[in-house]
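> Dumping the structure here so I can ask a few things about it.
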Amino acid sequence: MKKYALILAAGKGTRMRTELPKCAFPILGKPMIEYIVENIEKTDIDEIVAIVGHKKEVIMDILKDRAQYAVQEQQLGTGHAALSAASLLEGKEGTTFILPGDMPLMEYPLMDKLMRAHEEMGNDLTVVTMVVDYPKGYGRIVRDEYGTVKGIVEENDCTESEKQIKEVNSSVYIVDNKALFETLKQIKKNDRKGEYYLTDIVTLMHQNYKVNTFVVRNPMVTMGINDLYAISIAEKYLRDSINKGHMLSGVSMVNPETITIGHNVVIEEGVWIYPNTSITGNSVIKKGAIIGPNTEIKDSIIDEEAEIRHSLVIDSKVGKKTTVGPFAHLRGHANVGDHNRIGNFVEVKNSTTGDDTKAAHLAYIGDAEVGERVNFGCGSITVNYDGVKKHKTIIGNDVFIGCNVNMVAPIAISDNVFIAAGSTVTKDIPKGSLAIARNQQINKEDYYKYLIKPKPSEK
Ligand code: UD1
Ligand code: CA
Numbered sequence: 034m035k036k037y038a039l040i041l042a043a044g045k046g047t048r049m050r051t052e053l054p055k056c057a058f059p060i061l062g063k064p065m066i067e068y069i070v071e072n073i074e075k076t077d078i079d080e081i082v083a084i085v086g087h088k089k090e091v092i093m094d095i096l097k098d099r100a101q102y103a104v105q106e107q108q109l110g111t112g113h114a115a116l117s118a119a120s121l122l123e124g125k126e127g128t129t130f131i132l133p134g135d136m137p138l139m140e141y142p143l144m145d146k147l148m149r150a151h152e153e154m155g156n157d158l159t160v161v162t163m164v165v166d167y168p169k170g171y172g173r174i175v176r177d178e179y180g181t182v183k184g185i186v187e188e189n190d191c192t193e194s195e196k197q198i199k200e201v202n203s204s205v206y207i208v209d210n211k212a213l214f215e216t217l218k219q220i221k222k223n224d225r226k227g228e229y230y231l232t233d234i235v236t237l238m239h240q241n242y243k244v245n246t247f248v249v250r251n252p253m254v255t256m257g258i259n260d261l262y263a264i265s266i267a268e269k270y271l272r273d274s275i276n277k278g279h280m281l282s283g284v285s286m287v288n289p290e291t292i293t294i295g296h297n298v299v300i301e302e303g304v305w306i307y308p309n310t311s312i313t314g315n316s317v318i319k320k321g322a323i324i325g326p327n328t329e330i331k332d333s334i335i336d337e338e339a340e341i342r343h344s345l346v347i348d349s350k351v352g353k354k355t356t357v358g359p360f361a362h363l364r365g366h367a368n369v370g371d372h373n374r375i376g377n378f379v380e381v382k383n384s385t386t387g388d389d390t391k392a393a394h395l396a397y398i399g400d401a402e403v404g405e406r407v408n409f410g411c412g413s414i415t416v417n418y419d420g421v422k423k424h425k426t427i428i429g430n431d432v433f434i435g436c437n438v439n440m441v442a443p444i445a446i447s448d449n450v451f452i453a454a455g456s457t458v459t460k461d462i463p464k465g466s467l468a469i470a471r472n473q474q475i476n477k478e479d480y481y482k483y484l485i486k487p488k489p490s491e492k
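According to the working numbering, the sequence shown is numbered sequentially starting from 34.
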């Protein structure tokens, strides 16, 4: 039997009050809908169909060819949205797993479990429900006196007593595909809202098919996200569960509620992470590294036992036992070698450094290829930009760069070179040289008497 996933993602998300369509809104840096698709891909579902409409290009650009698309031109409700997939799915044998595009926290083991339960119970429709303390905004599950589910009533249509029901619809359904499309066509427009409600399939199928519910134990994972406050709750939940996973695998976190780790980040054991730190994107933190406090790392690799404190590392790589910070900035494919020191207020952009190189304070290393055992004095910089183009600086091994040196690129500095403090070097420097490029000092003796004039009262 084939299995299909049907994701409803055509809505605008009016309650979000954001420009981005709701299902594209990021949580910990990743769009909501991507969480859903990533998890579906780990189940044995054969085909994924996404219903898109409002700003469909945004959603399609996120999912690319990971889903097939059916367009719902006008957003006339969840029932109408599901029916929009008719051209792709109608009449096919199989089971369809319907998911709303605003429910990012359900993981694949639960998806598998729900599909298994549907099969084992021999249901034609399984409605996934949860029990919540504050049911406001959710459709309420109405059961008959035998406990059988009779229907779902939306908040707007609830009587006062129905409003008290705490079992609500998660908007996840597992349903026989043929029966689904036969039923969707029978849904009538809801008068009050002017929409076709997918929830009506419950009442419609209740008569001729086997309809059952599955109550999930943790209502957080089936939480629907309708506004930015809900985003913050989901983010907190996700952050806590990601952090817990890392801590149980040997990562120490100090004040973990202030630490944000993205979904795809890999952290090896023995790593310490200090407060107010975020590590996102495809970052990898290797054994024994120390990260934070107050550090942001994105799409970067931090090698074993490196230390990054109070710093920003974006799209870069930091070698073994290298220390970065405080207040350093690595970006644009900076690739710093092992045992380096990138210290206070140092920026490294689009540059590589060999092992044992140091820039301890106030340096800018941009568009440079730097060798091993190079020392950048305080205030030394590569002058890489002429106002139009960026130029390259090449520095060999064992080079000592004095304080406040400007290296005007393009320039090549060979091995074993010394550059005198305060120099502005514009020409290549051959191996083994001392380069001095500054005016000679003149001392004018006894000059003070011309500078310091006696005060009028002293005349
Ligand atoms: C829906 C359910 C409600 C349930 C809740 C769970 C209905 C009528 N109500 O309400 O019973 O408790 O989810 O979170 O189904 N969408 C479309 N096209 C449309 C309208 C919506 O694709 O025309 C998509 C949205 O993008 C969204 C999903 O369907 O991803 C759910 O829509 P939303 O408006 O959030 O439904 P709720 O009011 O939350
Ligand atoms: Ca919703």
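Backbone N, C-alpha and C fix where the C-beta goes; we use that ideal spot for every residue, glycine too. It should be emphasised that the depicted structure is a prediction, and the values quoted were computed from it without experimental measurement.
1. Could you say which of L395, P252, T415 lies nearest to V403 if we only look at CA atoms?
2. What's the gap between the Cα of A339 and the Cα of M136?
3. Note down, in chain order, each residue of its chain lying with its Cβ closer than 6 Å to the Cβ of T356, except the 5 sequence neighbours on either side.
4. Any chance the stretch 125-132 sits against the stretch 251-266, with 3 or more Cβ pairs inside 8 Å?
5. Apply the 10 Å Cβ neighbour rule to V346 and answer buried if 16 or more other Cβ atoms are within range, or exposed otherwise.
6. Is any non-hydrogen atom of ligand 1 found closer than 7 Å to the C-beta of I84, if you look at the structure I gave you?
7. What whole-angstrom Cβ distance do H366 and N377 have, given they're in contact under 8 Å?
8. If distances are taken between C-alpha atoms only, which option among N430, I452, D145 comes closest to C436?
9. If we define contact as Cβ-Cβ less than 8 Å, is F409 a contact residue for chain B?
10. Using the Cβ count rule (16 or more neighbours within 10 Å means buried), how would you classify M238?
11. The alpha helix (DSSP H) spanning L213 covers which residue range?
12. By Cβ distance, which residues of its chain are closer than 8 Å to D389, with the 5 residues on each side in sequence left out?
13. Does the beta-carbon of P142 have 16 or more other beta-carbons within 10 angstroms, so that it is buried, or is it exposed?
14. Since N276 is in the alpha helix (DSSP H), which residue starts that stretch and which ends it?
15. Do L138 and Y270 have their beta-carbon atoms positioned less than 8 Å apart in this structure?
16. Distance check for N210 and E123, CA to CA, integer angstroms please.
17. Output needed for K350: all residues of its chain with C-beta closer than 6 Å, excluding positions within five of it in sequence on either side, in chain order.
18. Mind checking which residues open and close the alpha helix (DSSP H) that includes V91?
19. For G465, does the count of other Cβ atoms within 10 angstroms reach 16, so buried, or fall short, so exposed?
20. Does the stretch 150-157 come close enough to the stretch 93-111 to have 3 or more Cβ pairs within less than 8 Å?
21. Looking only at its own chain, which residues have a Cβ that is under 6 Å from the Cβ of E380, when we skip the five neighbours before and after it?
22. Which runs of the alpha helix (DSSP H) spanning at least 4 residues fall entirely within the stretch 140-175, listed in chain order?
23. For T76, which residues of its own chain have a beta-carbon under 6 Å away from its beta-carbon, when the five flanking residues on both sides are left out?
24. Let me know if Y307 comes out buried or exposed under the rule of 16 or more other beta-carbons within 10 Å of its beta-carbon.
Looking at the atomic coordinates:
1. Of the residues L395, P252, T415, the one whose Cα lies closest to the Cα of V403 is T415.
2. A direct Cα-Cα distance of roughly 38 Å separates A339 from M136.
3. Closer than 6 Å at Cβ, skipping near neighbours: E340, R374.
4. With the cut-off at 8 Å, the stretch 125-132 and the stretch 251-266 do not touch.
5. Under this definition V346 is a buried residue.
6. Result yes, Cβ under 7 Å from ligand 1.
7. About 23 Å separates the two Cβ atoms, so there is no contact after all.
8. In terms of Cα proximity to C436, the closest of N430, I452, D145 is I452.
9. The displayed structure is made up of one protein chain only, and chain B is not part of it.
10. With 16 or more Cβ atoms within 10 Å of its Cβ, M238 is classed as buried.
11. Here the alpha helix (DSSP H) through L213 covers 210-217.
12. G370, D371, H372, N373, E405, R406, listed in sequence order.
13. The residue is exposed, with fewer than 16 neighbouring Cβ atoms inside 10 Å.
14. First-last of the alpha helix (DSSP H) with N276: 261-281.
15. Cβ atoms of Y270 and L138: closer than 8 Å.
16. It is roughly 7 Å from the alpha-carbon of E123 to the alpha-carbon of N210.
17. Correct list, in chain order: I334, N368.
18. From DSSP, the alpha helix (DSSP H) with V91 extends over 89-96.
19. So G465 ends up on the exposed side.
20. Put simply, the stretch 150-157 does not touch the stretch 93-111. Fewer than three CB pairs are less than 8 Å apart.
21. For E380, where only same-chain residues beyond five positions count, the Cβ hits under 6 Å are H362, Y397.
22. With a minimum length of 4 residues, the continuous alpha helix (DSSP H) runs that stay inside the stretch 140-175 are 141-153.
23. Only Y141, M144, D145 meet the Cβ criterion.
24. Taking a 10 Å sphere around the C-beta of Y307, we find 16 or more other C-beta atoms and assign the residue as buried.
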